[in-house]
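In my numbering, the protein residues as written are 53 to 286. C-beta: ideal position from N, C-alpha, C; glycine also. What follows is a set of notes on a single structure, which appears directly below.
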Ligand code: NAP
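Dropping the structure here:
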C-alpha cells in the first residue's frame with residue numbers, strides 16, 4: 053500500500069485529494085494547520101491520520117515526518133492567497149506568502165526525498181495556480197510564489213528522474229473553495245464566463261488530475277504543468 057502525505061488537506065482541494073488517493077488505495081496522512089476538527093474528521097472518514105504542522109516552519113515539518121514516517125507520494129497543496137495591490141503589500145505579507153507557498157514546498161519535499169530516493173520510486177505533485185502562469189492583478193505575491201513552484205517542478209523533475217521519482221504540478225483555475233470566498237458573486241460570475249467549460253471548478257476536478265499524476269500509469273510524465281481550469285488559461 054502506497055503511503056501519501058497531503059499538505060493542507062483539512063479543507064478544499066487538499067481534502068478532495070485525500071479522498072481521491074484513499075479511494076485509489078493509499079494510506080493518507082492529512083496535514084493541517086488550524087482546522088484540527090475537520091482534519092480529524094476527514095482522517096477518520098478515509099482511515100488515515102491527521103497531523104498538525106505549519107509547513108513554513110522547518111522544525112515543524114521535521115516533526116511531521118517523524119510522526120508520519122516515510123511517504124511514497126507527496127502532494128504539496130497547502131497555500132495561502134493574498135489580495136492586495138503590489139504597492140500595499142508589506143514585506144511581512146510578501147514573506148508569509150513565500151514562506152507557506154514556496155518554503156513550505158522546500159520543507160516538505162526535502163523531508164520526503166530520502167525514502168523516495170532509497171526506494172527509487174516516488175510521486176511529487178505540487179499545486180500551483182493558473183495565476184502562476186498568467187499573473188493576476190492585485191495578487192502579485194501569490195502569482196510570483198505560484199510561478200516559483202513551476203520552476204521548482206521543472207528543475208526538480210530533471211534532477212529526480214534518474215531516481216524514479218516524478219515531479220509534476222497542477223495549475224488549477226477558479227475552484228469553489230474557502231480561498232475564493234472573499235470574491236463577490238459578481239466576480240465569480242465574471243470568472244465563470246471567462247471559463248470555456250462555463251463553470252467554476254470543484255475540488256474533485258483537481259483531485260482527479262492529482263490522483264492520475266500519482267498513479268503507476270503516469271510513470272512517464274514528469275516536469276509537466278497540467279492546467280485544471282476548464283480552459284481558462286488557453
Ligand atoms: P483553502 O480552502 O483556503 O485551503 C487551504 C488549505 O491550506 C487548508 O487546508 C489550510 O489548513 C492549509 N494551510 C494554509 N496554511 C498552512 C500552513 N502554514 N501549514 C499547513 N497548512 C496550511 O484553499 P484551496 O482553494 O483548497 O487551495 C489549496 C491549494 O490550491 C493552494 O495551494 C492554492 O493556492 C491552490 N489553488 C487554489 C485555487 C482556487 O481557486 N481555490 C486555484 C488555484 C490554486 P488549515 O485550515 O488547517 O489551516
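Apart from the five residues just before and just after residue i, which ones in its own chain have a Cβ nearer than 8 angstroms to its Cβ?
{"i": "residue 228", "result": "252, 253, 254 and 255"}
{"i": "residue 240", "result": "226, 232 and 252"}
Please list the terminal residues of the continuous alpha helix (DSSP H) segment that includes residue i.
{"i": "residue 219", "result": "Residue 219 -> not in any alpha helix (DSSP H); beta strand (DSSP E) instead, spanning 217 to 224."}
{"i": "residue 161", "result": "156 to 171"}
{"i": "residue 261", "result": "255 to 265"}
{"i": "residue 120", "result": "110 to 120"}
{"i": "residue 184", "result": "182 to 186"}
{"i": "residue 145", "result": "143 to 150"}
Residues in its own chain within less than 7 angstroms of residue i by CB, not counting five upstream and five downstream?
{"i": "residue 234", "result": "135"}
{"i": "residue 282", "result": "225, 247, 248, 249, 251 and 253"}
{"i": "residue 163", "result": "113, 114 and 117"}
{"i": "residue 33", "result": "This structure gives no information on residue 33, because the portion of the chain shown stretches from 53 to 286."}
Can you tell me whether residue i is helix, strand or coil according to DSSP?
{"i": "residue 98", "result": "helix"}
{"i": "residue 65", "result": "helix"}
{"i": "residue 193", "result": "helix"}
{"i": "residue 81", "result": "strand"}
{"i": "residue 249", "result": "coil"}
{"i": "residue 202", "result": "helix"}
{"i": "residue 73", "result": "helix"}
{"i": "residue 53", "result": "coil"}
{"i": "residue 126", "result": "strand"}
Out of the options, point me to the one whose CA is closest to residue i's CA.
{"i": "residue 201", "options": "77, 183 and 261", "result": "183"}
{"i": "residue 105", "options": "115, 190, 175 and 264", "result": "115"}
{"i": "residue 156", "options": "55, 179, 168 and 175", "result": "179"}
{"i": "residue 205", "options": "54, 285, 161 and 236", "result": "161"}
{"i": "residue 107", "options": "279, 57 and 145", "result": "57"}
Counting only the same chain and skipping the five closest in sequence on each side, list residues whose C-beta sits under 6 angstroms from that of residue i.
{"i": "residue 208", "result": "219"}
{"i": "residue 154", "result": "197 and 200"}
{"i": "residue 119", "result": "103"}
If you follow the beta strand (DSSP E) that residue i is part of, which residue opens it and which one closes it?
{"i": "residue 277", "result": "277 to 280"}
{"i": "residue 213", "result": "Premise fails: residue 213 is in no beta strand (DSSP E) and is neither H nor E."}
{"i": "residue 177", "result": "174 to 179"}
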